[in-house]
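Presented below is the structure to which this report refers.
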Amino acid sequence: MSLFNDRLTRGFVAGLIGCIPLFIFNNAAYYLKISQLRYLDFAAVIIYGHRVTNTMEVLFAFFATLFFASALGVVFACLIPAVTHRNILFKGFLFSGGVWFFCYALTVLFKIPEVSHVNVFTAFCNFIGAVIWGLSLAYALQWIDRKGKQISS
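Counting in UniProt numbering, the sequence shown runs from 1 upward without gaps.
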């Protein structure tokens with residue numbers, strides 16, 4: 001069975017591909033001191049109850065973030081057939097913006113101080129990162145779907 005024959009796998013791979021530009025942007029914003037939090041910091045607080053303090057925690061939180069974004073790629077890939085592939089980049093934008101808002105809302109609702117108190121630059125950078133991921137996810141999924149059609153023809 002090929003990767004291209006299974007929608008779940010295609011979504012997972014597309015979500016993983018979308019993480020590449022997301023992590024480049026997210027880490028650049030963090031290390032340039034524009035943003036206070038990386039996505040792996042959110043994962044660390046959920047997993048450990050605190051932000052990362054050593055290399056092992058960074059690595060595990062990084063891989064947890066990859067897994068979460070890839071699993072969201074599965075959700076996106078399974079939703080797309082229900083609403084068509086037309087305007088898939090716009091749908092990727094809407095999906096990623098919705099996920100960003102939902103995740104931010106959860107940190108405020110559950111009063112998680114390590115990640116719920118951020119400045120506007122951090123919130124904006126994380127929104128831009130989410131949109132970068134969503135557009136990359138949608139583009140990657142579209143590319144994988146086209147490749148699958150070419151292979152099966």
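Think of the CB as a built atom: it goes at the ideal place given N, C-alpha and C, for glycine as much as any other residue. Keep in mind the model is a prediction, meaning the values are calculated, not measured.
Minimum Cα-Cα distance from Tyr139 among the listed residues Asn5, Asp6 and Leu16 corresponds to Leu16. Here Gly11 is not near Phe63, since their CB atoms are 8 Å or more apart. Non-local C-beta neighbours of Arg7 in its own chain, meaning closer than 7 Å and more than five positions away in sequence, comprise Ala77 and Cys78, ordered along the chain. Spatial neighbours of Tyr30 in its own chain (CB-CB distance under 6 Å, excluding positions within 5 residues in sequence) are listed in chain order as Arg38. With 16 or more other CB atoms across the displayed protein chains lying within 10 angstroms of its CB, Gly18 is buried. For Asp41, the enclosing alpha helix (DSSP H) covers residues Tyr39 to Tyr48. DSSP places Gln36 outside both helix and strand once states are collapsed to three, so it counts as coil. For Phe95, the enclosing alpha helix (DSSP H) starts and ends at Ile88 to Leu109. Membership of Arg7 in the alpha helix (DSSP H) is indicated by the continuous run Arg7 to Tyr31. Burial of Thr122 is indicated by the presence of at least 16 other C-beta atoms within 10 angstroms of its C-beta.
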